[in-house]
Amino acid sequence: MSYAQATLIDENDNIEEYLGAHEHKTLLRFITCGSVDDGKSTLIGRLLYDSKMIFEDQLTTLENESQKMGTQGKGIDFALLVDGLAAEREQGITIDVAYRFFTTETRKFIVADTPGHEQYTRNMVTGASTADVAIILIDARKGVLTQTRRHSFVASLMGIKNVVVAVNKMDMVDYGQEAFEEIERDYRAFAENLDIKNITCIPLSALNGENMVTPSNKMDWYDGPALLAYLETVEVEDTLQSKPFRMSVQWVNRPDLDFRGFSGQIASGRVAVGMEIKALPSAKTSRIEKIVTFDGDLPEAVAGQSVTLVLKDEIDISRGDMICAAASPPEMTEQFEGDLIWMGDEPMLPGRPYLMKIGALQIPVTVTGLKHKVNVNTLGKRAAKSLSLNEIAVCNFSTEQSFPFDAFNEIPATGSFILIDRMSNTTVGAGMIHFALRRGSNIHWQALDVDKNTRAELMHQTPKVIWMTGLSGAGKSTIANLVEKKLHSMGKYVYTLDGDNVRHGLNRDLGFSDAERVENIRRISEVAKLMTDAGLIVLVSFISPFAAERRMAREKFEDGEFIEIFIDASLETVEKRDPKGLYKKARKGEIPNFTGISSPYERPENAELVIDSDKMSPEESAEKIVKLLIS
Amino acid sequence: MNNLTHLQRLEAESIHIMREVVAVCKNPVMLYSIGKDSAVMLHLARKAFHPSKLPFPLAHVDTTWKFREMIEFRDNLAKELDFELLVHVNEEGVKQGVGPFSHGSAQHTDIMKTQGLKQMLDHHKFDVAFGGARRDEEKSRAKERIFSFRTKDHRWNPKSQRPELWNLYNCRKDEKESIRVFPLSNWTELDIWQYIYLEDIPIVPLYYAAERPVVEHDGMLLMVDDDRIPLEDGQEPVMKSVRFRTLGCWPLTGAVESTADTLPEIIKEMLLTTTSERQGRAIDKDENASMELKKQEGYF
Chain A
108 MSYAQATLID ENDNIEEYLG AHEHKTLLRF ITCGSVDDGK STLIGRLLYD SKMIFEDQLT
168 TLENESQKMG TQGKGIDFAL LVDGLAAERE QGITIDVAYR FFTTETRKFI VADTPGHEQY
228 TRNMVTGAST ADVAIILIDA RKGVLTQTRR HSFVASLMGI KNVVVAVNKM DMVDYGQEAF
288 EEIERDYRAF AENLDIKNIT CIPLSALNGE NMVTPSNKMD WYDGPALLAY LETVEVEDTL
348 QSKPFRMSVQ WVNRPDLDFR GFSGQIASGR VAVGMEIKAL PSAKTSRIEK IVTFDGDLPE
408 AVAGQSVTLV LKDEIDISRG DMICAAASPP EMTEQFEGDL IWMGDEPMLP GRPYLMKIGA
468 LQIPVTVTGL KHKVNVNTLG KRAAKSLSLN EIAVCNFSTE QSFPFDAFNE IPATGSFILI
528 DRMSNTTVGA GMIHFALRRG SNIHWQALDV DKNTRAELMH QTPKVIWMTG LSGAGKSTIA
588 NLVEKKLHSM GKYVYTLDGD NVRHGLNRDL GFSDAERVEN IRRISEVAKL MTDAGLIVLV
648 SFISPFAAER RMAREKFEDG EFIEIFIDAS LETVEKRDPK GLYKKARKGE IPNFTGISSP
708 YERPENAELV IDSDKMSPEE SAEKIVKLLI S
Chain G
60 MNNLTHLQRL EAESIHIMRE VVAVCKNPVM LYSIGKDSAV MLHLARKAFH PSKLPFPLAH
120 VDTTWKFREM IEFRDNLAKE LDFELLVHVN EEGVKQGVGP FSHGSAQHTD IMKTQGLKQM
180 LDHHKFDVAF GGARRDEEKS RAKERIFSFR TKDHRWNPKS QRPELWNLYN CRKDEKESIR
240 VFPLSNWTEL DIWQYIYLED IPIVPLYYAA ERPVVEHDGM LLMVDDDRIP LEDGQEPVMK
300 SVRFRTLGCW PLTGAVESTA DTLPEIIKEM LLTTTSERQG RAIDKDENAS MELKKQEGYF
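Note that the protein sequences, when read in sequence, are chains A and G.
Residue numbers for the first sequence, in this note's numbering: 108 to 738.
Residue numbers for the second sequence, in this note's numbering: 60 to 359.
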């Protein structure tokens, strides 16, 4: 074996000197992409082993396990060192992101070890989000494969500017120069389509330690750096400090009435005492009075540091606001285009509300348009109506309020966000902002002098939305019809929006897939909103099967304006009634996506009124609803 | 250009994590084990909220088998730094006389530590607990998130962890769930020691070598901390210059022979050493994937 064991310190070394030197080490975070077959775990295991990050007891365990389940005969199977969870070790694959650490004289390294298969793209995205460098493994015998393209695309998408192409298993091709050069040519030709600034190709054998720590004498034709030498010296552009100052306020530090500081981690640029700043969204300006830390006040601070800022003037700032350089503030928007990587088990549906977390700000957001999906293997673009787990797309987004941002490729920390599912609370998406959509900022809401209240007053009524949800055949339309008649006879101005009727006109372009059902509800809730604005009482009679969209509809209205009524009937009852013969057809499989049969109905949990239509007649039901409304 | 060093970056990350929890969560607590990692975590917390006082209490789950010097150190520090300290003992376990010698390491740890911890969290209705675990300690920890969610029974499901991207932590949870947050996830043992050295952070004197009475027990060098140690016939404690690389229950924590009595000497010894840190602990040896199993059951 030609590698040399890097030692950190010698028995006779002066430890104070060592500590002094190591105090100034920098940090490099990198991700390794490839599959088990490419020798990825072996490569990491080798880096840990050669930089002396494996201890004797771990080595003993490793040797024992190598004999038991290793794939290297009597040799050490380095892969066993890094395959973490018990289930994975049995299956012989890495299915999550694992973080490893090693250190050399000049740098500390954090390695995000992620699986390479397409079904684990979200894990790779997670690992890549914090990486400065990506190592992409290629098996020298196989060359550039589909997965190589996928990994490179994801690295580029996540803004990684430095890529090492580690052409591994050179021992299997007799350390041949031609094999290596062909792969390098292929790769560079492909990578021209990507946004990767620096590409370095290194021929190596992780198993035998060739070109890992020291230059290999088996490949004299290669005069580039060994892998570790590259990692120790690669310049990770720290251009963040030269960008304009940005800090998202995480926490307002207020120990007593005399001190009010704004704590956060600086996203970009530098801040100094006396500098003029602007707070967003309020757009109020002030100057920096103090930069407070536990170790004393600082004259200035830079990107990456966690600090507490004290301002000269008392301006109102709370968590989620941004403090930025007054001279170069970020744009504000409520509509933007960006990349979206879907990580949820449930598909992403345009129109469905999610929570967006950007910096310390958390606001409701919907995808208003799915422009195209990207095939991660071919980079081809394709139209789509929804996104499934691990799919990547370019989308238009709309937030409930205006927020400050920068383009992701300018300042990653103020241009990246996650999406959170409001029901399950899980993280379902990761996004990178491209640019603001102008229409949001140019089309302002027209304030009119005659408003909802004046209109409603004229009609002597309070506008309401009676939202009736339930299975097809539960009796929604029948009851709505009776309610309308009763209210009409009382002199109220009422209008009924019926699911079937609206699908003949406004929504005739929509089918019954989940994505189209979401859009159906979005449109109808907007129409209902216009009608309440006109002063009307609106009866909505729609199956509206998903809780998320009923909630979305509810949130469009003022408190107390939206009344959800669950017309509850058992599937057995509605199948027996089957007024339009639809259940029979659905059972025969003639109607796809039929609610209750082949598409789910999520029962409301917080409806204002539940009508048990198995037990109550339509007349009684209508009476009850009118009573609720009039009271 | 003012490049941050690796320790500055780690420090800023840990502070960011702690502030996020305090800004978003209702009732956090910091689990304080008195060891060196806890010492660093506490120091970082003081930095994160300065000039405010710590906005959460510290909690110690006392198994009643901790070194006496640890307890003394803990109580003095609480007084000196003026933080709120909660000490919890599983009284049920004490009543049953549970201990490592009588019940074995696994059962002792489960009852006095894991069960004790759950009792403490449930009793005070803490929704978030900071822990000082590091990813470099052990293989299953390498895959655990910084924000690690637990079911209402405190169970960890390694298969359904949330993706953690950039520095955007999703703290939303169900009413009944709780979160374990590990602000030191990306620190290594060397980072911890280096930081203690640079920042002059006080640690329990047991980390420094000194003449201490020890006996050999099950292949480990045990310090005789009180008279609960079962001595074999004719076995007498002998005085040796020893120190501890980790601190836990004294019957489960082996001493190493050493003369390192200053921080630089300790760090030098650590760099020259050829065995991993957890090797002195009886708890990990039970079976290969033992830590993962313990964590699924609620061990921190």
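Yeah, the Cβ is synthetic: ideal placement off N, Cα and C, and Gly gets one too.
{"Asked": "Quick one: what's got a C-beta closer than 7 Å to residue 593 (chain A)'s C-beta in the same chain, skipping five residues either side?", "Found": "729, 733"}
{"Asked": "Can you list the residues of chain G that residue 129 (chain A) reaches, using a CB-CB cut of under 7 Å?", "Found": "253"}
{"Asked": "Output needed for residue 705 (chain A): all residues of its chain with C-beta closer than 7 Å, excluding positions within five of it in sequence on either side, in chain order.", "Found": "693, 699"}
{"Asked": "Between which residues of its own chain and residue 195 (chain G) is the CB-CB distance below 7 Å, once the five residues before and five after are set aside?", "Found": "247, 248"}
{"Asked": "Can you look up residue 486 (chain A) in the DSSP assignment and give me helix, strand or coil?", "Found": "coil"}
{"Asked": "Let me know if residue 155 (chain G) comes out buried or exposed under the rule of 16 or more other beta-carbons within 10 Å of its beta-carbon.", "Found": "exposed"}
{"Asked": "Note down, in chain order, every chain G residue with its Cβ under 9 Å from the Cβ of residue 222 (chain A).", "Found": "Those within 9 Å of residue 222 (chain A) in chain G number zero; the least Cβ separation is about 11 Å."}
{"Asked": "If you reduce the DSSP assignment to three classes, tell me which class residue 175 (chain G) lands in.", "Found": "helix"}
{"Asked": "Taking only runs that begin and end inside the region 189-263 of chain G, name each unbroken beta strand (DSSP E) of 3 or more residues, in chain order.", "Found": "206-209, 237-240"}
{"Asked": "Using a Cβ cut-off of 7 Å, pull out every chain A residue sitting near residue 257 (chain G), in sequence order please.", "Found": "130"}
{"Asked": "With C-beta atoms as the reference, is residue 418 (chain A) less than 8 Å away from residue 395 (chain A)?", "Found": "yes"}
{"Asked": "For residue 231 (chain A) and residue 266 (chain A), what's the separation of their Cα atoms in angstroms?", "Found": "13 Å"}
{"Asked": "Give the straight-line distance between the Cα atoms of residue 105 (chain A) and residue 657 (chain A), rounded to the nearest whole angstrom.", "Found": "With chain A covering only 108 through 738, there is no way to say anything about residue 105 (chain A)."}
{"Asked": "Which chain A residues sit within Cβ distance under 7 Å of residue 81 (chain G)?", "Found": "358"}
{"Asked": "Taking residue 96 (chain G) as part of the alpha helix (DSSP H), name the residues at either end of that continuous run.", "Found": "95-108"}
{"Asked": "List the residues of chain D whose Cβ lies closer than 7 Å to the Cβ of residue 437 (chain A), in chain order.", "Found": "The question asks about chain D, but that chain is absent: this structure's protein chains are A and G."}
{"Asked": "Shorter than 8 Å from the beta carbon of residue 269 (chain A) to some beta carbon of chain G?", "Found": "no"}
{"Asked": "Let me know the secondary structure DSSP gives residue 543 (chain A) once reduced to three states.", "Found": "strand"}
{"Asked": "Suppose you measure from the CA of residue 486 (chain A) to the CA of residue 260 (chain A); what does that come to, to the nearest Å?", "Found": "8 Å"}
{"Asked": "Would you mind giving the Cβ-Cβ distance between residue 575 (chain A) and residue 642 (chain A), rounded to the nearest angstrom? I have them listed as a contact below 8 Å.", "Found": "Not really, about 21 Å apart at Cβ, beyond 8 Å."}
{"Asked": "Does residue 362 (chain A) have its Cβ less than 8 Å from a Cβ in chain G?", "Found": "yes"}
{"Asked": "If we count the other Cβ atoms within 10 Å of its Cβ and call it buried at 16 or more, is residue 560 (chain A) buried or exposed?", "Found": "exposed"}
{"Asked": "Answer yes or no: do residue 655 (chain A) and residue 460 (chain A) have a C-beta to C-beta separation smaller than 8 Å?", "Found": "yes"}
{"Asked": "By the 10 Å Cβ neighbour count, where 16 or more other Cβ atoms means buried, how is residue 290 (chain G) classified, buried or exposed?", "Found": "exposed"}
{"Asked": "What residue does the alpha helix (DSSP H) around residue 135 (chain G) start on, and which one ends it?", "Found": "127-140"}
{"Asked": "Residue 373 (chain A) and residue 409 (chain A) look like a contact to me (Cβ under 8 Å); what is the Cβ gap, rounded to whole Å?", "Found": "7 Å"}
{"Asked": "Could you check the C-alpha separation between residue 620 (chain A) and residue 226 (chain G) for me, to the nearest Å?", "Found": "35 Å"}
{"Asked": "Rounding to the nearest angstrom, what Cα-Cα distance links residue 432 (chain A) and residue 78 (chain G) in this structure?", "Found": "23 Å"}
{"Asked": "Report the option in A:606, A:282, A:300, A:307 whose CA atom is closest to the CA atom of residue 270 (chain A).", "Found": "A:307"}
{"Asked": "Thinking C-alpha only, which one of G:163, G:105, G:86, G:271 is nearest residue 74 (chain G)?", "Found": "G:105"}
{"Asked": "Could you check whether the region 630-637 of chain A touches the region 676-689 of chain A, counting it as contact only if at least three pairs of C-beta atoms, one from each stretch, sit closer than 8 Å?", "Found": "no"}
{"Asked": "Taking 8 Å as the threshold (beta carbon to beta carbon), is residue 276 (chain G) in contact with chain A?", "Found": "no"}
{"Asked": "With a threshold of 8 Å between beta carbons, is residue 391 (chain G) in contact with chain A?", "Found": "Nothing about residue 391 (chain G) can be read from this structure; chain G reaches only from 60 to 359."}
{"Asked": "Just to make sure I have the definition right: I need the residues of chain G whose C-beta is within less than 7 Å of the C-beta of residue 532 (chain A). Which are they?", "Found": "231, 232, 233"}
{"Asked": "Classify residue 526 (chain A) as buried or exposed, calling it buried when 16 or more other Cβ atoms lie within 10 Å of its own Cβ.", "Found": "buried"}
{"Asked": "Report the three-state DSSP secondary structure of residue 126 (chain A) (helix, strand or coil).", "Found": "helix"}
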